[in-house]
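Taking it in order: structure first as structure tokens, then the write-up.
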Amino acid sequence: MTAEAFDPERDYPLGTRRPDLVATPGGTPLAEVTLDGLREGRVDAADLRATPETLLRQAAVAHAAGRAPLADNLARAAELARVPDDEILEIYTALRPHRSTEDDLLRWAARLEDAYGAHQTAAFVRGAIPVYSKRKLLLEPDRGRERASL
356 MTAEAFDPER DYPLGTRRPD LVATPGGTPL AEVTLDGLRE GRVDAADLRA
406 TPETLLRQAA VAHAAGRAPL ADNLARAAEL ARVPDDEILE IYTALRPHRS
456 TEDDLLRWAA RLEDAYGAHQ TAAFVRGAIP VYSKRKLLLE PDRGRERASL
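See below:
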């Protein structure tokens, strides 16, 4: 297919209708992500990750189909694709009940924005604060429990 503009209604599923728009984080085209490519060392585990660009296109498809919550989740996933795995795990831990204070979560949100430009994900973390507060899921300051690191 030529370099036509992406159309989220016409081009779904991307892997079938627009494989020219799907590549690995290292730039390997989708057509080369095969078992033979894996066996021959042309593809590795890092190549099996979705790129932020592909996730944003999938978000556009979901939005065009009227599936706004799915589109929002995919847009946040696109942001998080740039965040190292160990930090993703730390953020996940910070969002577990009784692991973080309000200030801890605000610091995580600021880090997501400042270090990764992950504004939607930062808003999601900030949005958890009133819910956690209402449900008494925040860690109380100065309580001796283990806290999620920053």
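Once you know that position 74 of the sequence shown is 429 in our numbering, the rest is easy, because the numbers rise by one and skip nothing.
The C-beta atom is built at its ideal place from N, Cα and C for all residues, glycine as well.
- Message: Suppose contacts are defined by Cβ-Cβ distances below 9 angstroms. Is D366 in contact with R412 by that definition?
- Response: yes
- State the Cα-Cα distance for the pair A477 and W463, rounded to the nearest angstrom. 7 angstroms
- Message: Give me the residue from L403, G370, A360, T371 with the minimum Cα distance to G381.
- Response: L403
- By how many angstroms is the C-alpha of A386 removed from the C-alpha of G472? 31 angstroms
- Task: Starting from P370, follow the alpha helix (DSSP H) in both directions and report where the run begins and ends.
- Result: Here residue 370 is Gly; the residue named in the question, Pro, does not match the sequence. Segment 369-372, the alpha helix (DSSP H) holding G370.
- Query: Do you know whose CA, among A400, T409, A417, P374, lies nearest A506's CA?
  - Reply: Outside the displayed range of the chain (356 to 505) lies residue 506, so it cannot be described from this structure.
- Message: In the DSSP assignment, the alpha helix (DSSP H) including S455 goes from what residue to what residue?
- Response: Taken as a continuous stretch (DSSP letters only), S455 belongs to no alpha helix (DSSP H), as it is neither H nor E.
- Query: In terms of residues, what are the limits of the alpha helix (DSSP H) holding G482?
  - Reply: 474-489
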